[in-house]
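Residues -20 to -1, 1 to 985 (mature numbering (1 follows the signal peptide of the UniProt record, and there is no 0)) are what the sequence shown spells out, left to right.
Positions of the beta carbon are idealized from the N, C-alpha and C atoms, including for glycine.
Just so we're clear, the structure is a prediction, and the values are computed from it rather than from any experiment.
Only one structure is covered here, and it is reproduced in the block below.
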Amino acid sequence: MNKYIISMLFVIVMSAYMFAQQSAIYTNELVLYNQALELYNNKQFLAAQNLFDKVKDASTDENIDADCTYYIANCAVWLNQKGADQLLEDFVVQYPTSIKRNAAYLDAATYYFDNGKYAYARKWYDKVDESNLGRAEKEKYNFNNGYAYFKIQRFNEAKKFLNRVEDSPEYSAKAKYYLGFIAYEGDNYKEADKLFDEVKDLDQYNKNLSYFQSDMNFKSGNFEEAINEGLVQLPKSKRSEKSELNKIIGESYFNLGQYDKAIPYLKEYKGRKGKWNNTDYYLLGYAYYKQGAYQNAISEFNKIVDGRNATAQNAYYHLAESYLKTDQKQQALNAFKNASEMDFEAKIKEDATYNYAKLSYEIGNSFESAPKVLLSYLDQYPNTEFEEEIKELLISSYITSKNYKEAMDLLEGSRNFADKEVYQKVAFYRGIELYSENNYPEAIIYFDKSLKEQVDPAFTAKAIYWKAESDYLLNNFDDALIGFKQFQGSTGASSTSEYEHIDYNLGYTYFKLKQYPQAAQYFETFSKSNKADEARQTDTYLRLGDSHFISSKYWPAMEAYNLAIKKNGPDSDYAHYQKAISYGFVNKHNKKIQDLEMFLKMYPRSTYRDDAMFALGDVYVSENKTQRGIEAYDRLIRDVPRSSYVPKALLKQGLIYYNGNQGDRALSKFKKVVAEYPGTDEAIQAVNTARLIYVDLGRTHEYASWVKGLSFVDVSDADLDNTAFEAAEKQFLENNDKGAISGFEKYLSEFPNGLHALKSHFHLAQLYFKKGNKDATIPHYEFVLQQDRTEFTEQALARLSQVYLENRKYEKAIPVLERLESDADYPQNIIFAQSNLMKSYYQLLNYQKTIEYADKVLANPKIQNDVKSDAKIFTARAAFKTVDMQRAKKAYAEVQKIATGELAAEALYYNAYFKNLDGNYKASNETIQKLSKDFPGYRLYGSKGLVLMAKNFYGLKDAYQATYILESVIKNFTDFPEVIDEAQAELRKIKAEESKTNSSIQTEQ
């Protein structure tokens, strides 16, 4: 056999072998494939998927490969595996000609549809080729596609597919039901009713139709039918539908005016997602209102927060009326205001504005003054039937509101109202307001305005009187005298309370004019009247005594001082001292000594004790009892070492020793004066007298050596020094302030340590202070204070501290005030120091020291009410800052008893604050109403009071009042940013809470 034949036989044998082997493999693949397909058909998707994977991996047949890929992807879909949709996409891309492509899309869509994932189903339905579907598949495709669009609320697309199966035996009823629902949702009730009617006999749909038909009847205005359908459906309805059916039935009864029947159904409504909206609250509130159940109406209306439509305007108006019916006027005012600010219904707006204006007059208004509200109503509605009534209220409101500044602005700017009598009174009260604020020049302007309209004689007289008082306090004593005299002779004066004190005022005015006999005459007349209070009576005796004393009528002076002493008032020490001094002028020196000694025993803490000690030394010396005199001076030097009398006492002792030929002892005293009080008049006199002693003793070299070491004495330049000073002082004495300033400045530049440097610095400071150039006073007052105690020290301390206080340099003011407190002879300076130390420490946040000085001020029996009020208010403020609420509460209560103006407003606010803190919300609101009525001009406390009122209302479960007040504060009080911040924070908190049950409330994200 040749090689070729053998070779061919080998090829044939091998080919047959390989074919047999391939057939075996193919047959094996088909078996595995069929097993996988069986698992797939039995819904064992994971096992099927794994087997399809094996077949695919081993397969060499493209068709089997494609089928495996399809089934692997389908299994992934049914197993909800991640990336299943991508597997299907990959299958379509990899096998674009596969007959299973359309089936893949349809199977995926069906899977997602059956699992309720309609958006996913829609994605796959869009990929299906509808033309390759059989009739049954196509109907299912159209219905499922329409239903999927329906479920994702794309009703227009849903209708397109559902309409295709409207006549299908299998899907017709379902399609009509959902098409009916689409028509219902689109308010096409005729179409919906027709479609629902076609399926009403089918139990699976009929159970829902009564609800829809009831709702359609309601929306079509067929309320009785809506009620009938709803009542039939209500017992058998699903839990989720009961709430909506109750709403339909309740609102239908409401629209038929059958409010009593509406209420139980409206109450059963559960809201959308558990929340009501403003309209829901309005319907129930109005139903209660119509039944006269006003408190129930309020509890529903006041849940309407953030209302900005006609329903809200109507609700707020009826809420206001409900408040009025239950005598809750503050709440009614706020609700009427809210309704009046909306433009949806003109009649409601006008009526709400009218009621808001009336209530503003009646109870006060923290948002704006009652006169402004009343005038605004007249401006808005000039033809109102209530014009006369509102004008009468307007007249009264100008007086009762006490907001005289705004009242004057309105009176002078209003084109609707011009009543001369009202103008006269309001201008007068505005003047009094300015007077109480110590603004006397402005007060006079308003008293003059009042005097232009002399309608009421009593108010004419009052304006004259208080203008004179203002002139008096401005040191215009001549004008004050004219005014008081004019008042005394005016027609209406005798009917006023001011008339009781006219003699007292005239006495003081003459006293200030140094016309002491006339002053004594009026003080005498007043002292014999029964109209004086205890304090004024005592003061009258003192000034009567002083008038006689200055006029050298010492016996009448002593009689008056005796009467003051009997009253035992806070100034009885002064009266006793003056009486003792008077004995000296009638040569009753022993009696003077006796009374001064008695004074020192009776008044060991008196500010006049150093005066008494010095006077006692003088009288002993005048009676030639020099040793007793020296002892009296020693007592003064020892017991009151910081007294301005000490250098004088030392000088007197030196002069006594000098006159007694005790030169060395005299020199010792003179040198002490010079060393401890350099530059004072006493020091200069001591140097001059010491010179005489040294000359007498023949020790002039010692004098020269001593004088050279004194900075304020330059013997060689003494004449020039005196001449320069006298030139400046001459200008000063002639009241030529400009020339005096120039002269003293020139003197100090030439003699910075001259004989008269101290006095020059002091006079310069005083002149600059008088000019209002207060910063320029500082170095000159400081020079005076760098020396030891002199006659200028006390006034320099008072003035320098005043300059620092006005510049708000509290750190610098405090040491000056502390020195003034310890060194002052005059009681009023001690009070000034202590009260301003109290205020300065408060500004520096040292609240403990604030309270300490407030206690000192209050311990002084001589303080006036305004100072007492200040002390108590700072006690209260400091206690509040240190969270000592009990002390703060007590202090504010004390302030309230005596304060006027802004302090009274502050005290009243904290009265309300502490009531809120105690949870006494109603009483707190009543106090805030008093604040708004009595103190409307103090906007800070008005705004703070409103925020507090909002908190009170929320504590009383009235969310409407709380939110409306806070919104109004935010809108109307932008000039108080801290108050606005608090209001905004409170509003956010309340809205966040209320939004949990009211879907109409918009909260900040």
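Closest residue to residue i among the options (Cα-Cα distance)
i           : options            : result
residue 909 : 899, 58, 921       : 921
residue 56  : 36, 91, 259        : 91
residue 469 : 449, 490, 437, 489 : 437
residue 58  : 94, 31, 226, 424   : 94
residue 345 : 309, 326, 363      : 309
residue 844 : 746, 516, 804      : 516
residue 508 : 497, 492, 481, 534 : 481
residue 430 : 42, 384, 484, 951  : 384
residue 716 : 916, 743, 865      : 743
residue 64  : 75, 931, 29        : 29
residue 357 : 464, 338, 86, 952  : 338
residue 770 : 860, 754, 629, 828 : 629
residue 640 : 627, 520, 604      : 604
residue 297 : 265, 271, 273      : 265
residue 562 : 31, 235, 353, 538  : 538
Beta-carbon separation (whole angstroms), residue i vs residue j, contact threshold 8 Å
i           : j           : result
residue 320 : residue 332 : 4 Å
residue 16  : residue 50  : Contact doesn't hold; Cβ gap of about 12 Å is too wide.
residue 506 : residue 487 : 6 Å
residue 576 : residue 595 : 6 Å
residue 780 : residue 761 : 4 Å
residue 873 : residue 867 : No, residue 873 and residue 867 are not in contact; Cβ-Cβ is about 11 Å, not under 8 Å.
residue 245 : residue 261 : Between residue 261 and residue 245 the Cβ distance is about 15 Å, and since that is not below 8 Å, they are no contact.
residue 822 : residue 857 : 7 Å
Residue i versus residue j: straight-line alpha-carbon distance, rounded
i           : j           : result
residue 34  : residue 224 : 58 Å
residue 37  : residue 26  : 17 Å
residue 528 : residue 633 : 32 Å
residue 560 : residue 401 : 55 Å
residue 451 : residue 422 : 11 Å
residue 336 : residue 965 : 28 Å
residue 548 : residue 523 : 15 Å
residue 230 : residue 213 : 14 Å
residue 765 : residue 472 : 53 Å
residue -16 : residue 112 : With a pLDDT of 43 at residue -16, under the threshold of 50, the predicted position of this residue should be treated as unreliable, and no value is reported.
residue -6  : residue 108 : Note that residue -6 scores 44 on pLDDT, short of 50, meaning its location in the model is unreliable; the coordinates nonetheless yield the value given after this. Spanning the two alpha carbons is a distance of roughly 46 Å.
residue 73  : residue 39  : 20 Å
residue 933 : residue 204 : 40 Å
residue 3   : residue 44  : Note on residue 3: pLDDT 46, under 50, position unreliable in the model; the coordinate value appears next. In a straight line, the C-alpha of residue 3 is about 15 Å away from that of residue 44.
residue 32  : residue 148 : 38 Å
residue 903 : residue 945 : 18 Å
Buried or exposed by the 16-neighbour rule on C-beta atoms within 10 Å, applied to residue i
i           : result
residue 219 : exposed
residue 140 : exposed
residue 1   : Confidence is the limiting factor: at residue 1 the pLDDT is only 44, short of 50, which leaves the residue's position unreliable, though a coordinate-based value still follows. Residue 1 should be labelled exposed.
residue 970 : buried
residue 5   : Residue confidence is low: residue 5 scores 47 on pLDDT, short of 50, so the model does not pin down where it sits. Its coordinate-derived value is still stated next. Label assigned to residue 5: exposed.
residue 706 : exposed
residue 943 : buried
residue 624 : buried
residue 852 : buried
residue 126 : buried
residue 10  : exposed
residue -19 : Annotation note: pLDDT 48 at residue -19 (below 50); position unreliable, coordinate value reported separately. Exposed: under 16 other Cβ atoms inside 10 Å.
residue 406 : buried
residue 593 : buried
Run of the alpha helix (DSSP H) containing residue i, from where it starts to where it stops
i           : result
residue 576 : 569 to 582
residue 812 : 807 to 823
residue 948 : 939 to 952
residue 530 : 514 to 530
residue 647 : 643 to 656
residue 351 : 350 to 360
residue 291 : 290 to 305
residue 490 : 482 to 492
residue 838 : 827 to 838
residue 269 : 258 to 270
heavy atom of the ligand NAP below 6 Å from residue i C-beta
i           : result
residue 373 : Absence of the ligand NAP is noted for the structure shown, with no ligands found whatsoever.
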